[in-house]
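Participant:
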Amino acid sequence: MALMTRVLLIAHQRRLSGEKPYQCSYCEKCFIDKLELVTHQTTHTGEKPYKCSICEKCFSHKQVLIKHQILHSGEKPYQHSGEKPYQCSYCEKCFITKANLLTHIRTHTRDKPYKWEKPYQCSFCDKCFALKQYLVRHQRIHTGENYNCSYCEKSFLSKGELNWHQLRHTGEKPNQCSNCEKCFITKSELTTHQRIH
Numbered sequence: 001m002a003l004m005t006r007v008l009l010i011a012h013q014r015r016l017s018g019e020k021p022y023q024c025s026y027c028e029k030c031f032i033d034k035l036e037l038v039t040h041q042t043t044h045t046g047e048k049p050y051k052c053s054i055c056e057k058c059f060s061h062k063q064v065l066i067k068h069q070i071l072h073s074g075e076k077p078y079q080h081s082g083e084k085p086y087q088c089s090y091c092e093k094c095f096i097t098k099a100n101l102l103t104h105i106r107t108h109t110r111d112k113p114y115k116w117e118k119p120y121q122c123s124f125c126d127k128c129f130a131l132k133q134y135l136v137r138h139q140r141i142h143t144g145e146n147y148n149c150s151y152c153e154k155s156f157l158s159k160g161e162l163n164w165h166q167l168r169h170t171g172e173k174p175n176q177c178s179n180c181e182k183c184f185i186t187k188s189e190l191t192t193h194q195r196i197h
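Position 110, counted from 1, in the sequence shown is what UniProt numbering calls 110; the numbers after and before it change by one each time, with no gaps.
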């Protein structure tokens, strides 16, 4: 069996079984393959390895770079009629589909969205989010508004990531083992340690 075919087969089997053997050392989230893990970890480290060849702006995800480069080319790959027949009775905003309108109405009524609904839409790239705080965090990718480390030149998309990063500078270890009182910076480090008890 060819190597690429084997890799795809393993990934497919993991998706079916739910197995996620690659764990993020920052937040304990798990992934099917190493590439997904490495891509995810850039949200913690603030690393932006994808650089625009035209304006030299850097991005943490390749897909965001690709969307950004479309701005330089002037290309408009998606076109629709522009018709939005479904109007919100609360704010008069209009939508292309009734489903989008119903999802939007929940932002006014404060009804909890279903897991699959993502009523908060990014005004820069049209990506949608289930919670407003996820949208706000995401939009910092576009606006460049980041939380800057006071110890070094790194910056982060969320205050939580900045706080975690600064613990590395201060040496503070807020996660204490209840069995031996040893302390760790992250919960995942503590969890790994507790397996020895």
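Every residue, glycine too, gets a C-beta built ideally from N, C-alpha and C. Remember, it's a predicted structure, so these values are computed and weren't measured experimentally.
Rounded to the nearest angstrom, how far is the Cβ of CYS177 from that of LEU190, given a contact under 8 Å?
Facilitator: 6 Å
Participant: Measure the CB-CB distance between TYR120 and LEU101 and report whether it falls below 7 Å.
Facilitator: no
Participant: Between the Cα of SER53 and the Cα atoms of LEU37, LEU71 and GLN41, which residue gives the shortest distance?
Facilitator: LEU71
Participant: According to the Cβ coordinates, are residue 207 and SER188 closer than 7 Å?
Facilitator: Residue 207 lies beyond the range of the chain shown here (1 to 197); nothing can be said about it.
Participant: Restricting to Cα atoms, I'd like to know which of LYS173, LYS159, LYS132 and TYR151 is closest to GLU145.
Facilitator: With distances taken between Cα atoms, GLU145 lies closest to LYS159.
Participant: Can you give the beta carbon distance from LYS93 to HIS104, rounded, assuming they're within the 8 Å contact cut?
Facilitator: 7 Å
Participant: Are the CB atoms of HIS169 and TYR151 within a distance shorter than 7 Å?
Facilitator: yes
Participant: Cβ of TYR22 within 7 Å of Cβ of LEU9?
Facilitator: no
Participant: Please report how far the alpha carbon of THR45 lies from the alpha carbon of LYS173, in whole angstroms.
Facilitator: 18 Å
Participant: For PHE59 and LEU162, I'd like the C-alpha separation in whole angstroms.
Facilitator: 18 Å
Participant: Which two residues bound the contiguous alpha helix (DSSP H) that contains ILE141?
Facilitator: Run containing ILE141: 132-143, per the alpha helix (DSSP H) assignment.
Participant: Excluding five sequence neighbours on each side, which residues of the same chain lie with their C-beta closer than 6 Å to the C-beta of PHE31?
Facilitator: LYS20, TYR22 and LEU37
Participant: On the criterion of 16 or more Cβ atoms from any shown chain inside 10 Å, does ILE185 qualify as buried, or is it exposed?
Facilitator: With 16 or more other Cβ atoms from the protein chains shown falling within 10 Å of its own Cβ, ILE185 counts as buried.
Participant: So, with DSSP's three-state summary, where would you put LYS51?
Facilitator: strand
Participant: If contacts are defined as beta-carbon pairs under 8 Å, then TYR86 and HIS108 qualify, I think. What distance do you get, rounded to the angstrom?
Facilitator: Between TYR86 and HIS108 a beta carbon distance of about 14 Å is seen, past the 8 Å cut, so the two are scored as non-contacting.
Participant: Among the residues of its own chain, which have a CB less than 6 Å from the CB of ASN148, if the five just before and after it don't count?
Facilitator: These residues qualify, in order along the chain: SER155.
Participant: Output the distance between the C-alpha atoms of SER17 and ASP33, rounded to the nearest integer angstrom.
Facilitator: SER17 and ASP33 have their C-alpha atoms spaced approximately 14 Å apart.
Participant: Compute the Euclidean distance between the alpha carbons of GLY82 and CYS128, then round it to the nearest angstrom.
Facilitator: 19 Å
Participant: Would you mind stating whether LEU157 and ARG140 have Cβ atoms separated by less than 7 Å?
Facilitator: yes
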